[in-house]
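Asks: Provided herewith is a single structure, encoded as structure tokens, for subsequent inquiry.
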């Protein structure tokens, strides 16, 4: 890999900001399509929490709107998990459980960052994400320990998302620099806690841990799945076509 | 799975400490825990509350509308039951 000088703090803000933006956009796709009105409203609420987090992070990294609407796939730094398609409700819940359990543990530690903005951000976001994690766990348990169909769908959803978990704990040079600078927590320090928290939810849901698969990495370096391009096309269409639009 | 099969839950919100929970509406949910979660997302997203109750609608015992005459009309002619002859100091809230 060619060495490109990156500012570790800027890169870290993009990673967290793009995660929140892309996952928020994904959840927003459920709006009007939820399996029940109540679930529809809840998913939209979760989406809005995430878009709010993305706004704070990307505005700290630069011009938030420009970063959100005028970058292409290769410039996005989100992990691959969050760009995965919604699938059915169970797959959305699987993705949300796997991502927000990680995000919650990260934000919990980010409150001790040496960076004042990130400390304040973490204090605000950790409460929102605690609820996301809780709701996703509750639904995982209901679906996993539900009907034959809901169990099958939950197993399939977890199976789809499972190969994107190792990326959450990958430490590359840019992240290592942010860790060394005291800006970012080292995710490897809570990998064991993550696995046991996930296992506890699965046990209550009467599900087995998914079989390990070949991990897929690369989102943090801009190597994304084809799904992200479609997501960006929808999200960026309006501001790119009508650059002066106000709303 | 669809919301059509889920029981209905009545939602009560306490808007701040010291006040009573008030009925605000209802949600469909498969069980009590998720009823609380979805009630939170439906009814407290604009800072409406500090505490939530949910009660299964089927567990509420209601008076019969056909009996409204015998139950409630006799109170209409008993204005002496209203403490309207007292001046309430401005400082006293929530009466």
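Chains as they are written, first to last, in the numbering used here: chain A, 37 to 283; chain B, 47 to 141. For glycine and all other residues, C-beta sits at the position ideal for the given N, C-alpha and C.
(1) In the DSSP assignment, what are the bridge partners of residue 149/A?
(2) Looking at the strands, I want to know which residues DSSP matches up with residue 78/A.
(3) What three-state label does DSSP hand residue 73/B in the structure shown?
(4) Residue 268/A and residue 259/A - do their beta-carbons sit closer together than 9 Å?
(5) Would residue 167/A pass as an interface residue toward chain B - the criterion being a Cβ-Cβ separation below 9 Å?
(6) Against residue 235/A, what residues of chain B qualify as contacts under a CB-to-CB distance less than 8 Å, listed in chain order?
(7) Just tell me which of 185/A, 88/A and 232/A has its CA closest to the CA of residue 164/A.
(8) Could you pull out every residue in the same chain whose Cβ sits closer than 7 Å to the Cβ of residue 71/A, ignoring the five residues on either side in sequence?
(9) How would you call residue 54/B, buried or exposed, if buried means at least 16 neighbouring beta carbons within 10 angstroms?
(10) Shorter than 9 Å from the beta carbon of residue 37/A to some beta carbon of chain B?
(11) Rounded to the nearest angstrom, what separates residue 112/A and residue 257/A at their Cα positions?
(12) So which residues of chain A does residue 24/B contact, with C-beta pairs closer than 7 Å?
(13) Given that a residue counts as buried once 16 or more other Cβ atoms are within 10 Å of its Cβ, and exposed if not, what is residue 278/A?
(14) Verify whether the separation of the beta carbon atoms of residue 132/A and residue 171/A is less than 9 Å.
(15) Does DSSP put residue 58/A in a helix, in a strand, or in coil?
(16) By the 9 Å beta-carbon criterion, what residues does the region 64–95 of chain B contribute toward chain A?
(17) Per DSSP, residue 54/B forms a beta bridge with which residues?
(18) Do three or more CB pairs link the region 94–104 of chain A to the region 239–248 of chain A at distances below 8 Å?
(19) Contact criterion: CB-CB distance below 9 Å. Does residue 72/A meet it with respect to chain B?
(20) Would you report the Cα separation of residue 74/B and residue 88/B, rounded to the nearest angstrom?
(21) Cβ closer than 7 Å: which chain B residues qualify as neighbours of residue 171/A?
(22) In chain B, which residues lie less than 9 Å from residue 78/A when you measure between Cβ atoms?
(23) List the DSSP bridge partners of residue 42/B.
(24) Quick one: measure Cβ to Cβ for residue 255/A and residue 115/A, integer angstroms, because I've assumed they're closer than 8 Å.
(25) Just confirm the distance between the C-beta atoms of residue 64/A and residue 83/A, as a whole number of angstroms; I'd bet it's less than 8 Å.
Replies: Let's see:
(1) Here residue 149/A corresponds to residue number 113 of the first chain, with the count starting at 1. The partner list for residue 149/A (beta bridge, DSSP) is empty, contrary to what the question assumes.
(2) On the first chain, position 42 is the one that residue 78/A refers to. None, per the DSSP bridge assignment.
(3) Position 27 of the second chain, counting from 1, holds the residue named residue 73/B. It is a strand residue.
(4) What you label residue 259/A is simply residue 223 of the first chain in a count that begins at 1. What you label residue 268/A is simply residue 232 of the first chain in a count that begins at 1. Taking 9 Å as the Cβ cut-off, residue 259/A and residue 268/A do not qualify as a contacting pair.
(5) In the first chain, counting from the first residue as 1, residue 167/A sits at position 131. With 9 Å as the cut-off, residue 167/A counts as an interface residue toward chain B.
(6) The residue given as residue 235/A occupies position 199 in the first chain. The premise fails here: residue 235/A is roughly 21 Å from chain B at the closest Cβ pair, so nothing lies under 8 Å.
(7) Numbered from its first residue, the first chain carries residue 164/A at position 128. The option with the nearest alpha carbon to residue 164/A is 88/A.
(8) The residue you call residue 71/A lines up with position 35 of the first chain. Excluding positions up to five away in sequence, the list reads 125.
(9) Here residue 54/B refers to the residue found at position 8 of the second chain. Burial call: exposed.
(10) The residue labelled residue 37/A in the question sits at position 1 within the first chain. Its pLDDT being 48, under 50, residue 37/A is placed unreliably in this model, and the value from its coordinates should be taken loosely. No - not a single Cβ of chain B is within 9 Å of the one on residue 37/A.
(11) Taking the first chain and counting its residues from 1, the one referred to as residue 112/A is at position 76. Taking the first chain and counting its residues from 1, the one referred to as residue 257/A is at position 221. Roughly 8 Å between the two C-alpha positions.
(12) In the structure displayed, chain B extends from 47 to 141; residue 24/B sits before or after that span and is not available.
(13) Residue mapping note: residue 278/A aligns to position 242 of the first chain, counting from 1. Counting Cβ neighbours within 10 Å, residue 278/A comes out exposed, since fewer than 16 surround it.
(14) The residue labelled residue 132/A in the question sits at position 96 within the first chain. The residue labelled residue 171/A in the question sits at position 135 within the first chain. Yes, the Cβ-Cβ distance between residue 132/A and residue 171/A is below 9 Å.
(15) Reading the first chain from its first residue, position 22 is the one you call residue 58/A. The answer is helix: DSSP assigns residue 58/A an H, G or I state.
(16) 73, 74, 75, 76, 77, 79, 80, 81, 83, 84, 85, 86, 87, 88 and 91
(17) Numbered from 1 along the second chain, position 8 holds the residue referred to as residue 54/B. Beta-bridge pairing links residue 54/B to 74/B.
(18) no
(19) What you label residue 72/A is simply residue 36 of the first chain in a count that begins at 1. Residue 72/A counts as touching chain B.
(20) Here residue 74/B refers to the residue found at position 28 of the second chain. Here residue 88/B refers to the residue found at position 42 of the second chain. Roughly 11 Å separates the two Cα atoms.
(21) Position 135 of the first chain, counted from the first residue, corresponds to residue 171/A. Those within 7 Å of residue 171/A in chain B are 83.
(22) In the first chain, residue 78/A corresponds to position 42, counting from 1. What residue 78/A touches in chain B: 83, 84, 86, 87 and 88.
(23) Because chain B in this structure spans residues 47 to 141, residue 42/B falls outside the shown range and cannot be described.
(24) The residue given as residue 255/A occupies position 219 in the first chain. The residue given as residue 115/A occupies position 79 in the first chain. The pair is a contact, with the Cβ atoms about 5 Å apart (cut-off 8 Å).
(25) Position 28 of the first chain, counting from 1, holds the residue named residue 64/A. Position 47 of the first chain, counting from 1, holds the residue named residue 83/A. About 4 Å; that satisfies the 8 Å criterion.
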